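Below you'll find the structure, written out as structure tokens, and then a few comments.
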Amino acid sequence: KNMEHKNIAMEVLKKLLNDEIKTRTKKNLIQSKSLMEMLEKSIKKYHNKIITAAEVIEELIQLSKEIQEMDKEPKEMGLSDFEYAFYTAIANNDSAREVMEKDKLRELAIVLFEKVKANASIDWTIKESVKAKLKVIVKRTLRQYGYPPDMQKLATETVLKQAELLAEELAHRQ
Numbered sequence: 050k051n052m053e054h055k056n057i058a059m060e061v062l063k064k065l066l067n068d069e070i071k072t073r074t075k076k077n078l079i080q081s082k083s084l085m086e087m088l089e090k091s092i093k094k095y096h097n098k099i100i101t102a103a104e105v106i107e108e109l110i111q112l113s114k115e116i117q118e119m120d121k122e123p124k125e126m127g128l129s130d131f132e133y134a135f136y137t138a139i140a141n142n143d144s145a146r147e148v149m150e151k152d153k154l155r156e157l158a159i160v161l162f163e164k165v166k167a168n169a170s171i172d173w174t175i176k177e178s179v180k181a182k183l184k185v186i187v188k189r190t191l192r193q194y195g196y197p198p199d200m201q202k203l204a205t206e207t208v209l210k211q212a213e214l215l216a217e218e219l220a221h222r223q
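Counting the sequence shown from 1 gives a position; the working numbering is that position plus 49.
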């Protein structure tokens, strides 16, 4: 009976976290990807009998606490959710964090967000010309801010993917 309750609790927690992470996917690509990996890792350990139901519940509770902590970061940095999404897109690699200070990455995220917002039309994800123009703008901005050259291609792709996720929101805010 007790084991059954633990399994139910685990399934409920898993579903809640899964739904929460899916909601975040629309806003923040990098963050939601990392959270989903953490969730799947915990569940996999449980299914492979590496940890008990009680331990997986503990890990899932810990994950929910991490999500709450993550929610504080944009406010602490003085960034909107959109700006923070771009911040995570460009701060997602070690060499960028080593070469550039957090403040410079923060500033770059704001500039990228503003430039994407200014150039994103409602159908920009379909129009290749607009997409190409945005790609050039993102690349140029990364270069101007001294973003590590070896990571610029990946960062450009990530920023554009992030922009696509936010495209509808951005287009409606103009």
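From the three backbone atoms N, C-alpha and C, an ideal C-beta is built for every residue, glycine too. In this text, all values refer to a predicted model and were calculated from it rather than measured experimentally.
So, for residue i: in the same chain, excluding its five sequence neighbours on each side, which residues have a beta-carbon less than 8 Å away from its beta-carbon?
i: Met59; result: Tyr95, Ala102, Val105, Ile106, Leu109
i: Asp199; result: Ser144
i: Asn168; result: Val179, Lys182, Leu183, Ile186
i: Tyr133; result: Asn77, Glu122, Pro123, Met126, Ala158
i: Lys63; result: Leu88, Ile92, Leu109
From residue i to residue j, what does the alpha carbon distance come to, in whole angstroms?
i: Ala140; j: Leu84; result: 16 Å
i: Leu66; j: Leu88; result: 8 Å
i: Asn51; j: Ser113; result: 23 Å
i: Glu125; j: Glu213; result: 26 Å
i: Ile99; j: Ser91; result: 10 Å
i: Phe135; j: Glu218; result: 14 Å
i: Phe131; j: Lys164; result: 12 Å
Quick check on residue i: does DSSP put it in helix, strand or coil?
i: Asn141; result: coil
i: Met149; result: coil
i: Ala212; result: helix
i: Thr101; result: coil
i: Leu62; result: helix
i: Leu128; result: coil
i: Lys202; result: helix
i: Ser113; result: helix
i: Tyr194; result: coil
i: Asn56; result: helix
i: Ala169; result: coil
i: Thr174; result: coil
i: Lys75; result: coil
Spatial neighbours of residue i within its chain, please: C-beta separation below 6 Å, excluding the five flanking residues on both sides.
i: Ser81; result: Ile70, Arg73, Thr74
i: Tyr194; result: Leu157
i: Ala138; result: Ile79, Thr207, Val208, Gln211
For residue i, I'd like the list of residues in its chain whose CB is within less than 7 Å of its CB, leaving aside the five on either flank, ordered along the chain.
i: Leu191; result: Gln201, Ala204, Thr205
i: Val160; result: Thr190
i: Ala216; result: Ala169, Trp173, Thr174
Discussion item. Across the segment 112–119 and the segment 174–181, are there enough close Cβ pairs to call them in contact, namely three or more that are closer than 8 Å?
Written reply: no
Worksheet item: Below 8 Å, can you find three or more Cβ-Cβ pairs linking the segment 165–175 to the segment 147–157?
Response: no
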